[in-house]
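Peer 1: The numbers in full-length UniProt numbering rise by one with no breaks, and the one at position 131 of the sequence shown is 131.
Handing you this structure, nothing more for now.
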Amino acid sequence: MSDTEIKKGLAGVVVDETAISKVNPETNSLLYRGYPVQELAATQPFEAVAYLLWHGELPSAGQLAEFEQRERSLRSLDPRTLQLLDAMPADAHPMDLVRTAVSQLGAFDGTLHEANGWTDRTLDLGRAEYLFAQLPTIVAAVQRRRRGLPLIAPRDDLDYSRNFLWMTFGELPSDAAVDVFRVSLVLYAEHSFNASTFTARVIASTTSDMYSAVVGAVGALKGPLHGGANEAVMHVLEEIGRAENVVPWLDAAIAEKRKIMGFGHRVYKHGDSRVPTMHAALQVLLEESGRRDLADLYAVLEAEFVARKGIYPNLDYPSGPAYHLLGFDTEIFTPIFVAARVTGWTAHIMEQSASNALIRPLSAYNGAEERHVP
Ligand SMILES: CC(=O)SCCNC(=O)CCNC(=O)[C@H](O)C(C)(C)COP(=O)(O)OP(=O)(O)OC[C@H]1O[C@@H](n2cnc3c(N)ncnc32)[C@H](O)[C@@H]1OP(=O)(O)O
Ligand SMILES: O=C([O-])CC(=O)C(=O)O
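In structure tokens, the structure reads:
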């Protein structure tokens, strides 16, 4: 065993610089390219936030219009992507379908850059825009296929958030509900060196391609300790059932040393900077739906867990029930996170590539002493 100090899980280790976002647990703040995420969530379309993450500046009106037009032109799926989804087992997890579809897009890349006129300089930016435009169509197709419903083609008269909901449900909710969805996407877009983004950067650091890096990131996000927690939150709320059951359920869960999904964070130890904004957004849906039961359950679980453990909710805690109230299946929550986070992932892949060093840490060997085959 070496005496090298080991930081399990790289906790507290600074591995590189980034100009994309700043997570500050002391001030409980999150900046995207210098802008507080709360301000972006209050004022910006999701398309403008994607542009900001990639380019470092918010778009002018003209730049935004140009990007929106391009994004709308890239939404339709290649028929081979639909064939791929159809060929998957009906009980496959939606994250497996999304991961596989992104991988397939990587195999189309050769033909794509010719068709889209991507020059070398803009190649990865073109890929990022393409993934951004394709993912909602993929996620909506997966959701409709799960329900045995015919797929709905994208509409180029609708913005990103509306079109996403339209393709999923074939109708639009109230403007207030659309806005909740937009806010959730803005909040989910980026969070420095979280596990999935770091995975993407490791893959990019080998000078592999953007699709491979995003496929790896999707795999990392699927885990319930990371993005999969928004789905797990809903399972927990369903398992508890009603506010009256929280105390006995929590007693048992704590005694069994269960992790309570949607609570805790590697970086924030006094609450997640994004939760108050998403909490307010969730309240809109709780009021609109009249789901007093869910509102009570949500509030009591939070209050009881914080009181007992001093561990606060993370963004997945309000997002899970918000996506439920918007009408998505629970298994679709993490794929929505993918569609949002692909903005941050691709920004980090481009940042890594622009100033690359192969990511290859050391390990301390603790196996058998040298020995020889008898
Ligand atoms: C978008 C996102 O990815 S946000 C994160 C989403 N993930 C979740 O919600 C899953 C539940 N949360 C967790 O598992 C953890 O809080 C993590 C993985 C997010 C962060 O974990 P770490 O920084 O590694 O802290 P760690 O897991 O060591 O927790 C420290 C202590 O708090 C406890 N703890 C932390 N979170 C929880 C939780 N949600 N439920 C119960 N106990 C918890 C741990 O058991 C540990 O206790 P111990 O010291 O007695 O062993
Ligand atoms: O930062 C993290 O470790 C996880 C997280 O909240 C995110 O990726 O949004």
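Where a beta carbon is used, it is the ideal one built from N, C-alpha and C, also for glycine.
Less than 7 Å separating the Cβ of residue 267 from some heavy atom of ligand 2?
Peer 2: Yes, the beta carbon of residue 267 sits closer than 7 Å to at least one heavy atom of ligand 2.
Peer 1: Less than 8 Å between the C-beta atoms of residue 214 and residue 54, yes or no?
Peer 2: No, these two residues do not count as a Cβ contact at 8 Å.
Peer 1: Leaving out the 5 sequence neighbours to the left and right, which residues in its chain are closer than 6 Å to residue 15 when beta-carbon positions are compared?
Peer 2: Closer than 6 Å at the Cβ level, and outside the excluded window around residue 15, lies no residue.
Peer 1: Comparing C-alpha positions only, which one of 94, 59, 69 and 324 sits nearest to residue 160?
Peer 2: Taking only the C-alpha atoms, the option nearest residue 160 is 69.
Peer 1: Pop quiz: residue 210 and residue 320 are said to be a contact at Cβ under 8 Å. What is the actual Cβ separation, rounded to whole angstroms?
Peer 2: Not quite, the Cβ-Cβ distance comes to about 29 Å (not below 8 Å), so this is no contact.
Peer 1: If you count every other CB in all the chains shown that lies within 10 Å of the CB of residue 228, and 16 or more means buried, which is it?
Peer 2: Residue 228 comes out buried.
Peer 1: Could you tell me which residues DSSP pairs with residue 23 in its beta bridges?
Peer 2: According to DSSP, residue 23 bridges with 30.
Peer 1: Between the C-alpha atoms of residue 74 and residue 170, what's the straight-line distance to the nearest angstrom?
Peer 2: In a straight line, the C-alpha of residue 74 is about 20 Å away from that of residue 170.
Peer 1: If you draw a straight line from the C-alpha of residue 45 to the C-alpha of residue 369, how long is it?
Peer 2: Going by the C-alpha atoms only, they are around 59 Å apart.
Peer 1: Using three-state DSSP, classify residue 317 as helix, strand or coil.
Peer 2: Residue 317 falls in the helix class under three-state DSSP.
Peer 1: Tell me where the alpha helix (DSSP H) around residue 5 begins and ends.
Peer 2: It is not in any alpha helix (DSSP H) - residue 5 carries neither H nor E in the DSSP assignment.
Peer 1: Just to confirm, does residue 336 get its C-beta within under 7 Å of one of the non-hydrogen atoms of ligand 1?
Peer 2: No, Cβ of residue 336 sits at least 7 Å from all heavy atoms of ligand 1.
Peer 1: Tell me whether the stretch 260-269 and the stretch 16-36 touch, counting them as touching only if at least three CB pairs, one residue from each stretch, are closer than 8 Å.
Peer 2: A contact exists between the stretch 260-269 and the stretch 16-36.
Peer 1: Which runs of the alpha helix (DSSP H) fall wholly inside the stretch 227-291 and span at least 4 residues, in chain order?
Peer 2: Runs of the alpha helix (DSSP H) inside the stretch 227-291: 229-240, 246-255 and 275-289.
Peer 1: When the Cα atoms are used, what is the spatial distance from residue 134 to residue 203?
Peer 2: Answer to the nearest angstrom: the Cα atoms are 21 Å apart.
Peer 1: To test your reading of the DSSP string, which unbroken alpha helix (DSSP H) runs of 4 or more residues are found completely within the stretch 55-85?
Peer 2: The qualifying runs are 61-73.
Peer 1: Please report how far the alpha carbon of residue 343 lies from the alpha carbon of residue 305, in whole angstroms.
Peer 2: Cα to Cα, residue 343 sits roughly 33 Å from residue 305.
Peer 1: Along the alpha helix (DSSP H) that carries residue 94, what are the first and last residues, could you check?
Peer 2: 94-107 is the extent of the alpha helix (DSSP H) around residue 94.
Peer 1: How should residue 412 be labelled, buried or exposed, when 16 other C-beta atoms within 10 angstroms of its C-beta is the threshold for buried?
Peer 2: Nothing about residue 412 can be read from this structure; the chain reaches only from 1 to 374.
Peer 1: Inspect the beta-carbon positions of residue 296 and residue 243 and report whether they are closer than 8 Å.
Peer 2: Their beta carbons are under 8 Å apart, which means residue 296 touches residue 243 by this criterion.
Peer 1: Going by beta carbon distance, what residues of the same chain come within less than 7 Å of residue 117, once the five residues before and after it are set aside?
Peer 2: Excluding residues within five positions, none has a Cβ falling inside 7 Å.
Peer 1: Please return the same chain residues whose Cβ sits closer than 6 Å to the Cβ of residue 358, not counting the five positions on each side in sequence.
Peer 2: 205, listed in sequence order.
Peer 1: Under 8 Å, do residue 318 and residue 282 count as touching if we go by C-beta distance?
Peer 2: Taking 8 Å as the Cβ cut-off, residue 318 and residue 282 qualify as a contacting pair.
Peer 1: Out of curiosity, what's the CA-to-CA distance linking residue 2 and residue 188?
Peer 2: Interpretation of residue 2 is limited by its pLDDT of 49, a score under 50 that renders its predicted location unreliable; no figure is taken from the coordinates.
Peer 1: Would you grab the beta carbon distance between residue 182 and residue 172 for me? Rounded to a whole angstrom, and I think it's under 8 Å.
Peer 2: No, residue 182 and residue 172 are not in contact; Cβ-Cβ is about 13 Å, not under 8 Å.
Peer 1: In chain order, what residues of the same chain lie with their CB nearer than 7 Å to the CB of residue 354, ignoring the 5 residues before and after it?
Peer 2: Cβ within range, chain order: n/a, list empty.
Peer 1: Under three-state DSSP, which class holds residue 417?
Peer 2: Past the edges of the chain, shown from 1 to 374, lies residue 417, and the structure says nothing about it.
Peer 1: For residue 111, count the other beta carbons within 10 Å of its own beta carbon; 16 or more makes it buried, fewer makes it exposed. Which is it?
Peer 2: Residue 111 should be labelled exposed.
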